[in-house]
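Student: Just so you know, we're using this note's numbering here: the sequence shown kicks off at 196 and counts up by one.
C-beta atoms are modelled at their ideal positions from N, C-alpha and C, and glycine is treated no differently.
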Amino acid sequence: MILDTIIVIFETRRKVASVFTPSNFFQAQELLLDEEGKLAPGFRVIDSNDVGILSWLLNVKTPEYPEGHKNYY
Numbered sequence: 196m197i198l199d200t201i202i203v204i205f206e207t208r209r210k211v212a213s214v215f216t217p218s219n220f221f222q223a224q225e226l227l228l229d230e231e232g233k234l235a236p237g238f239r240v241i242d243s244n245d246v247g248i249l250s251w252l253l254n255v256k257t258p259e260y261p262e263g264h265k266n267y268y
């Protein structure tokens with residue numbers, strides 16, 4: 196749903212200006228608890244979440260933020 200919305204934003208802007216959709220407009224990185232109990236980027240095998248909660252760092256490129264805008268979820 197997020198990806199579809201971002202694509203629509205780029206397509207709408209392309210009609211009024213020369214805005215192109217970058218190939219890497221959406222990047223996601225899971226955040227895991229490190230040894231100190233702080234969130235840090237990491238990777239785990241599918242179905243190995245023993246906490247029951249997910250946290251993500253998303254970098255989304257839009258016409259307003261062509262270099263990307265980081266969001267934590």
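Looking only at its chain, what residues have a beta carbon closer than 8 Å to the beta carbon of residue 235, apart from the 5 residues adjacent to it on each side?
Tutor: If we look at residue 235 and ignore the five residues flanking it on each side, its Cβ neighbours are 226, 227, 228 and 229.
Student: Span of the beta strand (DSSP E) holding residue 243?
Tutor: Premise fails: residue 243 is in no beta strand (DSSP E) and is neither H nor E.
Student: Where do the ends of the beta strand (DSSP E) carrying residue 276 lie?
Tutor: Given a span of 196 to 268 for the chain in the structure shown, any question on residue 276 remains unanswerable.
Student: Between which residues of its own chain and residue 254 is the CB-CB distance below 6 Å, once the five residues before and five after are set aside?
Tutor: Correct list, in chain order: 222, 263 and 265.
Student: Please state if the CB of residue 215 and the CB of residue 256 are separated by a distance shorter than 7 Å.
Tutor: It is not a contact, given that the beta carbons lie outside the stated cut-off.
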